[in-house]
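The block underneath contains the structure these notes are about, expressed in structure tokens.
Numbering (our numbering), first residue to last: 7 to 510.
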């Protein structure tokens, strides 16, 4: 009997048993892409983590170990494959005052509390709020991020030896030209390897990774903050913990949404939200400074072709191996090359189509205004979370203003001239109903007035209060007002609130 007719016991189909499907990341091509992408990200993480440590006011080892624990943990529990989480500048800015005023132990306590808050918010479904972020805010977020990434590289090209500039130029040429020849190896990795070797052989004295701070020589260990378990401690760390939680969630969910669009694959935003909390709890348990998704490193990873959790895990693992086991080698990497990598990331991240004259001519002015405001606030504050929040608020106000003008009120007298009928069409809420009171001819109308709301919807108490005010004005003139055509939801709200709200 041929193997094709062999069957399992009890199998009457006569077909051979199906082999278990191998995970896609185990294929040699995907595995190579994931490994190389993770290595490139790990190299790019080192100077960033050191810089963020300096911003936060802690030892560089704290930032490096935080990057390791965040990346490895989020690879296991996160909801967006291929997204990189580590110590970030946004979180560093939040915690810097706490470290300066109260010390390192209070920082770790705040990170632990912030992680717990993120877990709670994730379980409560805070990720669903992402649906309220308009595309114009998302575009502003991406463009501002690209600008910040570029600006952050400028110090590496100011007051440096002349050889920095040709080194960076060659790195950019490699990253532009190599992908046209082959994509088997990520171009940034080739640029880093080739130019590090070249500068070493030429004995060029260029600023390197070692100049950014001391690299750790041992593995991270568990740490518990030495702070008193009192209400006073909670009062001190709570505002910073909330800042860590909110800034981290906002940046992580925005980054996840961006990766969704780039890769055309969905992510589990709820899992990502509480996963960030778990990662911060683990990071805090090892004495880390906390963190969230890193858009720059995520773009490096995704642009290198990575699509699975493996690249995120390996980025953290390679980082630890590089800084602990190969610290002497990593310390010789020229900062000019890593800065060039980030410059290319910023160019690739910026949405150039959004600023084309043809796009700007077609785009509504309000959409363009929201994008510009988001970019301006982010660049001014160097805080992506604040920029996004301001952008959402501006978008909501402009939307409310636009919708408010869509409400129309038309008046007609019935044939007998004894009844005036008003037809109201559009969404009635606080912005549109404020002018509703002035749309009626109280003195000219006959004794009976009908307001037809069959073409509208009552959304809030402000509208009910406005209708009460209209009815009161007619009543003061001895006239009767009737409201007709309310849909079920509007009738329920009007029935519960009418007569119980101030008319002023």
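C-beta atoms are modelled at their ideal positions from N, C-alpha and C, and glycine is treated no differently.
In this text, all values refer to a predicted model and were calculated from it rather than measured experimentally.
Report yes if the C-beta distance between residue i and residue j is below 8 Å; otherwise report no.
| i | j | result |
| --- | --- | --- |
| residue 118 | residue 287 | yes |
| residue 295 | residue 178 | no |
| residue 219 | residue 72 | no |
| residue 507 | residue 469 | no |
| residue 78 | residue 323 | yes |
| residue 93 | residue 55 | yes |
| residue 487 | residue 457 | yes |
| residue 91 | residue 282 | yes |
| residue 40 | residue 261 | no |
| residue 228 | residue 152 | no |
| residue 138 | residue 400 | no |
| residue 388 | residue 154 | yes |
| residue 36 | residue 280 | no |
| residue 215 | residue 337 | yes |
| residue 297 | residue 97 | yes |
| residue 425 | residue 454 | yes |
At the level of alpha carbons, what is the spacing between residue i and residue j?
| i | j | result |
| --- | --- | --- |
| residue 299 | residue 174 | 27 Å |
| residue 268 | residue 249 | 28 Å |
| residue 444 | residue 473 | 11 Å |
| residue 206 | residue 335 | 10 Å |
| residue 437 | residue 463 | 13 Å |
| residue 265 | residue 150 | 16 Å |
| residue 211 | residue 348 | 21 Å |
| residue 85 | residue 273 | 6 Å |
| residue 278 | residue 451 | 59 Å |
| residue 355 | residue 145 | 10 Å |
| residue 247 | residue 158 | 26 Å |
| residue 304 | residue 428 | 57 Å |
| residue 396 | residue 363 | 25 Å |
| residue 505 | residue 490 | 17 Å |
| residue 432 | residue 411 | 9 Å |
| residue 103 | residue 62 | 8 Å |
| residue 509 | residue 466 | Because residue 509 carries a pLDDT of 47, less than 50, the predicted location of this residue cannot be relied on, and no value is offered for it. |
| residue 392 | residue 135 | 16 Å |
| residue 161 | residue 231 | 35 Å |
| residue 225 | residue 141 | 43 Å |
| residue 168 | residue 112 | 43 Å |
| residue 340 | residue 202 | 6 Å |
| residue 483 | residue 402 | 39 Å |
| residue 5 | residue 100 | No answer is possible for residue 5: it lies beyond the span of the chain, which begins at 7 and ends at 510. |
| residue 312 | residue 459 | 55 Å |
| residue 275 | residue 259 | 7 Å |
| residue 385 | residue 318 | 28 Å |
| residue 345 | residue 148 | 19 Å |
| residue 376 | residue 252 | 22 Å |
| residue 494 | residue 405 | 25 Å |
| residue 51 | residue 245 | 28 Å |
| residue 373 | residue 394 | 14 Å |
| residue 430 | residue 409 | 14 Å |
| residue 500 | residue 407 | 24 Å |
| residue 68 | residue 498 | 57 Å |
Give the secondary structure of residue i by DSSP, where H, G and I count as helix, E and B as strand, and everything else as coil.
| i | result |
| --- | --- |
| residue 429 | strand |
| residue 207 | helix |
| residue 321 | helix |
| residue 266 | helix |
| residue 299 | strand |
| residue 232 | coil |
| residue 214 | strand |
| residue 161 | helix |
| residue 340 | strand |
| residue 391 | helix |
| residue 223 | coil |
| residue 312 | coil |
| residue 255 | helix |
| residue 364 | helix |
| residue 356 | coil |
Compare the C-beta of residue i with all C-beta atoms of chain D and state if any pair is closer than 8 Å.
| i | result |
| --- | --- |
| residue 502 | You won't find chain D in this structure, because it holds only one protein chain. |
Any chance the stretch 304-313 sits against the stretch 99-108, with 3 or more Cβ pairs inside 8 Å?
By the Cβ criterion, the stretch 304-313 is not in contact with the stretch 99-108, since fewer than three pairs of Cβ atoms, one from each stretch, lie closer than 8 Å.
Is the stretch 188-198 in contact with the stretch 321-329, if contact means three or more CB pairs nearer than 8 Å?
Touching, no.
Tell me the start and end of each unbroken beta strand (DSSP E) in the stretch 458-510 that is at least 3 residues and wholly inside, in chain order.
As for any beta strand (DSSP E) of minimum length 3 sitting wholly inside the stretch 458-510, the runs are 486-490, ordered along the chain.
Taking one C-beta from the stretch 354-369 and one from the stretch 379-386 each time, how about it: are there three or more such pairs within less than 8 Å?
Output reads no: the stretch 379-386 does not touch the stretch 354-369.
My parser needs the alpha helix (DSSP H) runs of 4 or more residues fully inside the stretch 41-101; what are they?
List check, alpha helix (DSSP H) in window: 66-83.
Can you list, in chain order, the stretches of the beta strand (DSSP E) that have 3 or more residues and sit fully within the stretch 396-458?
Taken in chain order, the complete beta strand (DSSP E) segments of 3 or more residues contained in the stretch 396-458 are 414-419, 425-434.
Enumerate, from N- to C-terminal direction, the unbroken alpha helix (DSSP H) stretches of 4 or more residues contained entirely within the stretch 271-295.
Listed in chain order, the complete alpha helix (DSSP H) runs (minimum 4 residues) inside the stretch 271-295 are 275-291.
Every unbroken alpha helix (DSSP H) within the stretch 146-195, with a cutoff of 4 residues, ordered by chain
Within the stretch 146-195, the complete alpha helix (DSSP H) segments of 4 residues or longer fall at 170-187, listed in chain order.
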